[in-house]
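**Student:** Residue numbers for the sequence shown follow the UniProt record's numbering, beginning at 1 and rising by one.
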Amino acid sequence: MAASVSTQQQQGRCRILRINPQQPSGKIQAEAGVTEFDDHNDVQFQCARVAVLRHTIKPRGFLLPSYTNAPLLAYAGDFCGPAIPGCAETFQSSQSQQGDILALPAGAAHWAYNEGDQDLVLVVLQDTTNAVNQLDTERRIAGNPEGQSQEQQQGQQGWEVQWGKNIFRGFDVKTLSEAFNANKETARKLQSEDDQRGHIKWDKGKATMAWKKPFAPPGSGRSSTTPPARTSTTHRPQAGRFHTVNSLNLPILSFFRLSAERGGLYKNAVFAPHWYVNANGVMYVTRGEGRVQIVDHRGQCVLDEQLSEGQVVVVPMNYAVVKQAGNNQGFEWVGFNTNDNAMINTIAGRSSTFRGLPTSVVANALQISEDEARQLKFNRVETMIFSSDSRF
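1) CB residue 257 to CB residue 243, shorter than 7 Å?
2) Would residue 151 be called buried (16 or more neighbouring beta carbons within 10 Å of its own) or exposed?
3) Would you kindly work out how many angstroms separate the C-alpha atoms of residue 345 and residue 179, rounded to a whole number?
4) Using alpha carbons as the reference points, say which of 337, 332, 60 lies closest to residue 120.
5) Do residue 388 and residue 292 have their CB atoms nearer than 7 Å?
6) When you compare the CB positions of residue 287 and residue 31, do they come within less than 7 Å of one another, or not?
7) Please go through the same chain and pick out, in chain order, the residues whose beta-carbon is closer than 6 Å to the beta-carbon of residue 309, but skip the five residues on each side of it.
8) Going by DSSP, which residues form a beta bridge with residue 101?
9) I'd like to check one pair, residue 240 with residue 266: are the Cβ atoms closer than 7 Å?
10) I'd like the span of the alpha helix (DSSP H) that includes residue 375, first residue to last.
11) Please report the distance separating the alpha-carbon of residue 297 from that of residue 68.
12) Touching or not, the segment 338-352 and the segment 372-389, by the rule of three or more beta carbon pairs under 8 Å?
13) Comparing C-alpha positions only, which one of 348, 377, 347 sits nearest to residue 360?
14) Enumerate in chain order the residues of its own chain whose CB-to-CB distance from residue 325 is below 7 Å, with the five nearest sequence positions on each side excluded.
15) Helix, strand or coil for residue 66? Go by DSSP, reduced to three states.
16) Using a Cβ-Cβ cut-off of 7 Å (strictly less than) and excluding sequence neighbours within five positions of residue 99, which residues of its own chain qualify?
17) For residue 343, which of 187, 247, 170 has the nearest alpha-carbon?
18) In terms of residue numbering, what span does the beta strand (DSSP E) encompassing residue 312 cover?
19) Check whether the Cβ atoms of residue 347 and residue 321 lie closer than 7 Å to each other.
20) At what residue ranges does the segment 163-207 contain a whole run of the alpha helix (DSSP H), taking only runs of 4 or more?
21) Rounded to a whole number of angstroms, what is the C-alpha to C-alpha distance between residue 11 and residue 334?
22) Skipping 5 residues on each side, what residues in its chain have a beta carbon closer than 6 Å to that of residue 223?
23) Candidates 65, 124, 373, 50: which alpha carbon is nearest residue 200's?
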């Protein structure tokens, strides 16, 4: 199977000779958690034109309200949020479950609260080249630059840290007092001048009940909660499952031009070799261990490694990829795609490109008999998730 990429793309940022699994290159520590981020200057992220970061929030930790200059997709565990701007005196809050995908528009205030008894990890993709972003393409994240170690500061190359000193600190007290119709003492508290706890704080018990019972005033026309998105699902009981969220089942993604997927393979199961037709993909391993191979359009293997929880790889458009879970445990991942209706072409399986080719074409292309060609085309009756008793 041959692939081609335009000369312009080859000479641009997607000319990748080797893909390396990414680990966080820097972090910002806060009172009740930490934010880690990958080096967006790495050729993989330059190709996909996205940024990836992770918030780890301790139990009863509160990720402060913030907004960004570009749309976000987030993979979440159990938490309360995000807040979506609405009519006066309203907000929207959703009680999400582990594995949910959240879509956050550019400029929308959002927060997260961990009401569980284990650390919550939010994996966030920011599309900084989205047309909505009228600023530069720098990745802006939340963080308190004060009190960081030298290692943390060095890891932040290319990132513009903006949390820590909140926007109220730039206004004078009198203006804030008038804007909120509050006394000057309360206005000073808005500025949090002496607060060094960072962007993830402990919940002191004052705000929890407020977001456990969101409301909308009668006649406001706004729902108090956001229903979970429907997903397109492929499931094989012996092998695994695969879910996609795109603009067909979550229409707001058509404005983001982004989509997402979640996959899980049982021991030794294989996700069919495939390539993205119209998108770059960013894969984050959420659990387990698996072997991943990626081959570029020239037929060169650019990645062949065992990946484990917390690692990130970019799969450029037209690069072929195959995944297989390990012998001892399954393999789970979440993927973000740079198209609101990302499509993949499988190379093997019932609905694959191979199955659609005439038998004589396969035989002549590979210099094999037509019987062998038919076996290659029809041996697999599954669509994209294959059971397997051995490693490939």
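C-beta: ideal position from N, C-alpha, C; glycine also.
**Tutor:** Reading from the atomic positions:
1) no
2) At residue 151 the pLDDT is 42, less than 50, meaning the model places this residue with poor confidence and gives no usable figure here.
3) 55 Å
4) 60
5) no
6) no
7) 285, 287
8) 75
9) yes
10) 370-378
11) 35 Å
12) yes
13) 377
14) 265, 266, 267, 268, 269, 288, 290, 331
15) strand
16) 262
17) 247
18) 312-315
19) no
20) 173-180, 184-191
21) Caution applies to residue 11, whose pLDDT of 42 falls short of 50 and renders its modelled position unreliable; the value that the coordinates give is listed next. So the alpha carbons of these two residues sit roughly 29 Å apart.
22) Below a pLDDT of 50, predicted positions are generally treated as unreliable, and residue 223, at 28, falls in that range; the measurement from the model is reported next regardless. Answer for residue 223: no residue qualifies.
23) 65
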